[in-house]
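> Before we start, here is the structure in question, set down as structure tokens.
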Amino acid sequence: MEKQINQEHVSVAEYLAYFSYGFGQCFSFGIIGSFILIYYTDIVGISSVIASVIFLIARLWDAVFDPIVSGWIDAHKSTKGKFRKYMHFAPIFVITSTILCFVNPNISLGGKIIYAAVTYILWGTCYAFSDIPFWSLSTVISKSGQARTNLITTANLGVFGGIGMVSLVLPLMLAYFKQHGSPQTSYLISVSILMLFGFILMELGYRFTKERVVAKKAEKLSAHDIWDAVKANKYMLMILILFFLKVAMEMVNNIIIYFFTYNLFNAKFMSIYGLIGTFSALGFFFIPLLTKHFKKLYILRVLLITDVIIRIIFFMTGYKHVILVFIFLAITQTLYSATGPIISAMLAETVEYSEVKTGKRCEAIVFGGQTFASKVAIAVAGATTGLVLSFIGYKANAVQSQTTLTGIFVIVSIIPAIASLLRLLVLAKYNYTETEFHKCQAILEKRQEED
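Everything in the sequence shown is counted per the UniProt record's numbering, starting at 1 for the first residue and increasing by one.
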């Protein structure tokens, strides 16, 4: 049961603080997601196959550990709040574990592989203690559905902004520090500077956010309770499938450099793609306006249908005209980016559904699922990219066959369209909208009054 604090207003300063935490946290996510593989292969000397094995082992560990983290967070609270207390100390461990991933010890190759595996798994573990509370916080800053949508949108803006900032700034820093030392030193110095800045941003996020929806007492959750919460929340499971299907866009992000290098004959186009990814997040500002007039489920369906249509046109148009290619990439990236905050907001609203069904809110379990689904999508995409390239006949540093070039283009244009179609199929059976969300809120308020 809950005690609702009357103060529901979320100030601009608090939105900025929430943005700040996500922005700083995703310096780490962007660094690990975009640069750890090339660091392992080009600096440490680990093969891409071994690196893929490390990624998959880490995700298996996450499959066991993330639900434990979620259950622990949901079962404990303090005077600093249910989630903010973790946001107080987690940044220290996120920053430290990220930097440790870019230390190259002077030991044997076998020792380096073990060190890489341990530090990468450590990073994922530390990140869970930061990311799950960060997203869960959106459900206790305000009980208002619209405020949650605004908060989720703000969080996604911080996430995309942080990842985009890393893709723009880190290569410049690496090039600069490489002039004054070794490539290894340039990575260590650059990552350390970025993560120090990220820590400051996360600390601001912790200090200037508040929890207003407060449970009377901590929910004692057993493993059975966690399993019951997952089984009871069918809408959460459907949303998590939507999150996992981002695997298609993760594959695009992994293979787009090959498209620019071999299909368009200019690897420098990658920087333009990075800018597109960063500026596509500006469309987030329109989402709160749309959700005031239309249900999120309907907005999401329109975005996905539009994405499928545009991508089919993209494929039929081909890639001979570079300007058209970037127009299509900009449109599709904007459409994809816009789905993020909407899906997250829909997930946030399933917390009340879970509480109605089980009597426990379990916010961390809900958003722990989001963190885990996203990690799995990234790992699967990373592990399969090399296999896909091999399947379509790719040969490194050589002129590619037409079959290979077409295969690369299919991955960039059509595979995400298939993922959007699969998302639409999942949503065909999804009927939990704002109407049902408000009904759940009313049930919970009635229960509170009866207590």
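In this text, a Cβ means the ideal position worked out from N, Cα and C, and glycines have one as well.
1. Given this structure, state the Cα-to-Cα distance separating Ser186 from Ala175, to the nearest angstrom.
2. Evaluate Arg311 with the Cβ neighbour count: other Cβ atoms within 10 Å of its Cβ, from every protein chain shown; 16 or more gives buried, anything less gives exposed.
3. With a threshold of 6 Å on Cβ separation, who are the neighbours of Pro105 within its own chain once the five nearest residues in sequence on each side are excluded?
4. Measure the Cβ-Cβ separation of Val169 and Phe102 and say whether it is below 8 Å.
5. For Ser97, which option in Gly124, Gly111, Phe89 and Met87 has the closest C-alpha, if you only look at C-alpha atoms?
6. Suppose the cutoff is 6 Å on Cβ atoms and the five residues either side in sequence are ignored; what does the same chain contact list for Trp61 look like?
7. Whose C-alpha, out of Ala377, Leu157, Phe23 and Ala147, is nearest the C-alpha of Glu434?
8. Contact between the region 49-60 and the region 371-389: three or more CB pairs below 8 Å?
9. Helix, strand or coil, according to DSSP, for Val388 in the structure here?
10. Which first and last residues belong to the alpha helix (DSSP H) in which Cys26 is found?
11. Just confirm the distance between the C-beta atoms of residue 465 and Glu211, as a whole number of angstroms; I'd bet it's less than 8 Å.
12. Go through its chain and collect everything with a Cβ distance to His88's Cβ below 6 Å, but skip five positions before and after it.
13. Is there contact between the region 275-284 and the region 382-396, where contact requires at least three CB pairs shorter than 8 Å?
14. What three-state label does DSSP hand Gly161 in the structure shown?
15. Is the beta carbon of Leu37 closer than 8 Å to that of Gly382?
16. To the nearest angstrom, report how far apart Thr334 and Asn431 are at their CA atoms.
17. Using the beta-carbon count (16 or more within 10 Å), is Asp403 buried or exposed?
18. Pick out whichever of Ala442, Gly162 and Tyr127 has its Cα sitting closest to the Cα of Gly368.
19. Which residues in the same chain have their Cβ closer than 6 Å to the Cβ of Phe314, if we skip the five residues on either side of it in sequence?
20. Tell me where the alpha helix (DSSP H) around Ile239 begins and ends.
21. Any idea if Met165 is buried or exposed, counting beta-carbon neighbours within 10 angstroms, 16 or more meaning buried?
22. Which runs of the beta strand (DSSP E), 3 residues or longer, sit entirely within the region 91-163?
23. Do Ile255 and Thr385 count as a contact pair if the criterion is CB distance below 8 Å?
24. Does the distance from the CB of Ile95 to the CB of Phe177 come in under 8 Å?
25. Between the Cα of Asn233 and those of Ala348, Ser28, Val302 and Ile309, spot the shortest distance and give me the residue it belongs to.
26. Where does Ile152 land, buried or exposed, given buried means 16+ other C-beta within 10 angstroms?
27. Looking only at its chain, what residues have a beta carbon closer than 6 Å to the beta carbon of Thr291, apart from the 5 residues adjacent to it on each side?
28. Closest to Ala90 by CA distance: which of Tyr258, Glu14, Asn266 and Phe134 is it?
29. State buried or exposed for Ser136, treating a residue as buried only when at least 16 other CB atoms are found within 10 Å of its CB.
30. Can you tell which of Gly22, Ser344 and Tyr86 has its C-alpha closest to the C-alpha of Ala373?
31. Could you check how far apart the C-beta atoms of Phe260 and Met270 are, in whole angstroms? I think they sit under 8 Å.
32. Could you tell me if Asn156 is buried or exposed, where buried requires 16 or more neighbouring beta carbons within 10 angstroms of its beta carbon?
33. Going by C-alpha distance, which of Tyr353, Gln184, Lys268 and Tyr262 is nearest residue 514?
34. Can you name, in chain order, every residue of its own chain whose Cβ lies under 6 Å from the Cβ of Ala248, other than the five neighbours on each side?
Looking at the atomic coordinates:
1. As a first step, residue 186 is located in the sequence shown; it is residue number 186 there, counting from the start. As a first step, residue 175 is located in the sequence shown; it is residue number 175 there, counting from the start. Computed Cα separation, rounded: 8 Å.
2. As a working mapping, residue 311 is identified with position 311 in the sequence shown. It is buried - the Cβ of Arg311 has at least 16 other Cβ atoms within 10 Å.
3. Taking the sequence shown and counting its residues from 1, the one referred to as residue 105 is at position 105. Closer than 6 Å at the Cβ level, and outside the excluded window around Pro105, lie Tyr115.
4. Start at 1 with the first residue of the sequence shown, and residue 169 comes out as number 169. Start at 1 with the first residue of the sequence shown, and residue 102 comes out as number 102. No, these two residues do not count as a Cβ contact at 8 Å.
5. Here residue 97 refers to the residue found at position 97 of the sequence shown. Answer by Cα proximity: Gly124.
6. Numbered from its first residue, the sequence shown carries residue 61 at position 61. Excluding positions up to five away in sequence, the list reads Ile121.
7. Translated into positions along the sequence shown, residue 434 becomes position 434. Comparing Cα-Cα distances from Glu434 to each of Ala377, Leu157, Phe23 and Ala147, the minimum goes to Ala147.
8. yes
9. In the sequence shown, the residue the question calls residue 388 occupies position 388. Annotated three-state conformation of Val388 is helix, per DSSP.
10. Here the question's residue 26 lines up with position 26 in the sequence shown. Run containing Cys26: Val12 to Tyr39, per the alpha helix (DSSP H) assignment.
11. No answer is possible for residue 465: the residues shown for the chain start at 1 and end at 451.
12. Here residue 88 is taken as the residue at index 88 of the sequence shown, counted from 1. Close CB contacts of His88 within its chain, under the 6 Å cut and outside five residues either way in sequence, are with Tyr206 (chain order).
13. Contact between the region 275-284 and the region 382-396 is absent, with fewer than three C-beta pairs closer than 8 Å.
14. Here residue 161 corresponds to residue number 161 of the sequence shown, with the count starting at 1. Here Gly161 sits in helix by DSSP.
15. Here the question's residue 382 lines up with position 382 in the sequence shown. Here the question's residue 37 lines up with position 37 in the sequence shown. Closer than 8 Å, so yes.
16. Reading the sequence shown from its first residue, position 334 is the one you call residue 334. Reading the sequence shown from its first residue, position 431 is the one you call residue 431. C-alpha separation (whole angstroms): 26 Å.
17. The sequence position of residue 403 within the sequence shown is 403, counting from 1. At residue 403 the sequence reads Thr, which differs from the Asp that was named. Answer is exposed; the Cβ neighbour count stays below 16.
18. Here residue 368 refers to the residue found at position 368 of the sequence shown. Selected option, being the one with the closest Cα: Tyr127.
19. In the sequence shown, the residue the question calls residue 314 occupies position 314. Correct list, in chain order: Phe328 and Ser413.
20. What you label residue 239 is simply residue 239 of the sequence shown in a count that begins at 1. That run of the alpha helix (DSSP H) goes Lys234 to Phe244.
21. Taking the first residue of the sequence shown as position 1, residue 165 is located at position 165. Burial call: buried.
22. You should have found no qualifying run.
23. Taking the first residue of the sequence shown as 1, we reach residue 385 at position 385. Taking the first residue of the sequence shown as 1, we reach residue 255 at position 255. In this structure, Ile255 lies closer than 8 Å to Thr385 by Cβ.
24. Within the sequence shown, the letter at position 95 stands for residue 95. Within the sequence shown, the letter at position 177 stands for residue 177. It is not a contact, given that the beta carbons lie outside the stated cut-off.
25. Indexing the sequence shown from 1 puts residue 233 at position 233. For the residues Ala348, Ser28, Val302 and Ile309, the minimum Cα distance to Asn233 belongs to Ala348.
26. Indexing the sequence shown from 1 puts residue 152 at position 152. When all chains shown are included, Ile152 counts as buried.
27. Stepping through the sequence shown from its first residue, residue 291 is reached at position 291. Answer for Thr291: Thr149, listed in chain order.
28. Counting from 1 along the sequence shown, the entry for residue 90 is found at position 90. Ranking Tyr258, Glu14, Asn266 and Phe134 by Cα distance to Ala90 puts Phe134 first.
29. In the sequence shown, the residue the question calls residue 136 occupies position 136. Answer is buried; the Cβ neighbour count reaches 16.
30. As a first step, residue 373 is located in the sequence shown; it is residue number 373 there, counting from the start. Considering only alpha carbons, the answer is Ser344.
31. As a position in the sequence shown, residue 260 is number 260, starting the count at 1. As a position in the sequence shown, residue 270 is number 270, starting the count at 1. Yes, Phe260 and Met270 are in contact; Cβ-Cβ is about 6 Å, under 8 Å.
32. Stepping through the sequence shown from its first residue, residue 156 is reached at position 156. With 16 or more other Cβ atoms within 10 Å, it is buried.
33. Outside the displayed span of the chain (1 to 451) sits residue 514, for which this structure offers no information.
34. Here residue 248 refers to the residue found at position 248 of the sequence shown. Hits under 6 Å: Ile415, Pro416 and Ala419.
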